[in-house]
Amino acid sequence: MRSYRLEGPGGTECLVMRDEGQPEPKPHEIVVRVRATSLNRRDTMILNGTYPLPPRQGVVPLSDGAGDIVAIGDAVTRFAVGNRVTGSYFARWIDGGIHAGLIDQLGCTLDGMLAEYAILDEQWAVRLPDHLDWHEAATLTCAGLTAWNAVTGAGIPKPGQWVLVIGSGGVSLFALQFAKLLGCRVVAVTSRGEKADRLRALGADLVISTSDMPQWGATVRDQTGGINLVVETGGPATFAQSLIASTLYGHIVLLTLQDAKGGSIQLPAALYQRSLATISRLFVGNRTNLEAMLRGVSQHRLRPVIDRVFAFTEAGDAYRYFQQGDVFGKVIIDGA
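Just so you know, we're using UniProt numbering here: the sequence shown kicks off at 1 and counts up by one.
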């Protein structure tokens with residue numbers, strides 16, 4: 001089989017394709033014919049050596065991928081050959097809270113999905129909704145679950161309340177879609193005004209272009225009465241405006257702490273002392289969360305947003321395209 005491995009100091013030049021033997025499953029393992037994979041911000045951080053969890057040398061990258069099972073070990077009970085599956089980001093984290101023994105991640109410390117075949121312990125995988133095509137099914141493990149937990153975690157917004165999302169990457173668009181499923185109203189903040197119609201088509205009730213209005217927080221608060229939940233993916237560039245836009249008892253889920261130059265989130269005391277907003281953190285989620293999200297995706301027949309699809313042999317181009325940042329939805333790499 002063909003697989004990519006991360007070899008060397010960093011950058012796309014360390015993404016090396018190898019020809020390897022097709023894996024044979026151990027008793028509790030499944031072999032997945034990978035039909036598509038997708039990129040997340042953490043994948044570019046791993047590639048560039050800025051991710052806080054050091055990757056294993058020679059690891060197969062990417063946490064997100066989807067495929068069908070072609071072989072199972074003789075002790076497997078959760079799946080059968082032919083099942084459509086995706087992996088769980090924190091492979092060993094099944095339920096409850098996380099701790100140091102559960103931090104292994106697909107595509108970082110464990111071999112991920114950018115290969116013709118992936119071999120997974122049966123506990124590391126979940127079934128996929130039938131209505132999704134392979135490209136859509138490959139987007140859910142990281143960005144989808146992060147957005148789901150941001151919107152449906154502590155302080156779930158009620159129908160009619162306001163949710164704010166920033167940008168048009170995978171997490172932001174999933175958060176917009178999930179918020180609309182809950183009956184919420186959504187403000188979408190974008191740096192590119194030409195994306196406004198596409199954001200409205202996904203359900204955004206109010207679109208703010210930062211190129212037209214760099215200091216948008218007060219305007220958003222005035223027009224909405226205050227944001228109940230902010231899915232804060234903008235980091236240092238947007239955090240203060242998110243705080244201004246929030247209601248007195250708003251909730252800001254902080255997903256991005258640094259910008260591309262290493263600048264960090266600053267908590268402006270003059271703003272926060274006038275607020276009782278809750279600021280919380282989360283990082284993806286466990287397998288039980290993933291299964292709950294997929295039930296919601298299946299029930300509502302939600303379809304993830306795809307920006308562009310690259311061939312398997314164009315993986316380096318896919319990384320470079322993703323890193324330039326001007327995307328609308330998920331960047332996909334087809335199966336081999």
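Where a beta carbon is used, it is the ideal one built from N, C-alpha and C, also for glycine. Only a predicted model underlies this, so the values are computations on that prediction, with no experimental measurement involved.
Of the candidates Asp64, Ile69, Pro54, Ser280, the residue whose Cα lies closest to the Cα of Tyr89 is Asp64. Proximity to Asp74 across Asp334, Gly234, Val297, Glu24 peaks at Glu24, based on C-alpha coordinates. In this structure, the CA atom of Trp124 is about 26 Å from the CA atom of Gly169. In this structure the segment 13-30 lies against the segment 112-122, because at least three pairs of beta carbons, one per stretch, are closer than 8 Å.
Scanning the segment 244-315 from its first residue to its last, the whole beta strand (DSSP E) runs of 3-plus residues come out as 246-254, 278-281, 306-310.
No residue range can be given for Trp124, since it is assigned to no alpha helix (DSSP H) and is classified by DSSP as neither H nor E. Nearest to Arg35 by C-alpha distance, out of Ile72, Arg295, Gly87, Leu102, is Gly87. In this structure, Thr238 is the residue among Asp104, Val163, Thr238 with its C-alpha nearest to the C-alpha of Trp216. Asp259 has its alpha-carbon roughly 24 Å from the corresponding atom of Glu13. Between the C-alpha atoms of Val327 and Ser172 there is a straight-line separation of about 11 Å. Residue burial is scored here from C-beta neighbours: Lys330 has at least 16 other C-beta atoms within 10 angstroms and is therefore classed as buried.
Distance between Tyr272 and Leu243, taken at the CA atoms: about 7 Å. In the displayed model, Glu232 falls within a strand according to three-state DSSP. By the Cβ test, the segment 174-189 is in contact with the segment 202-209, since at least three Cβ pairs between them sit closer than 8 Å. As summarised for the segment 128-180, the continuous beta strand (DSSP E) elements at least 3 residues long and confined to that stretch are 162-166, given in chain order. For the segment 49-123, the full-length beta strand (DSSP E) segments reaching 3 residues or more read 64-72, 84-87, 117-121 along the chain. Straight through space, the alpha carbons of His99 and Leu132 are spaced by roughly 33 Å.
The C-beta separation of Ser264 from Pro236 comes to about 6 Å, placing the pair in contact by the 8 Å criterion.
If you draw a straight line from the Cα of Arg198 to the Cα of Tyr321, it comes to about 20 Å. Under DSSP, Leu206 shares a beta bridge with Val187.
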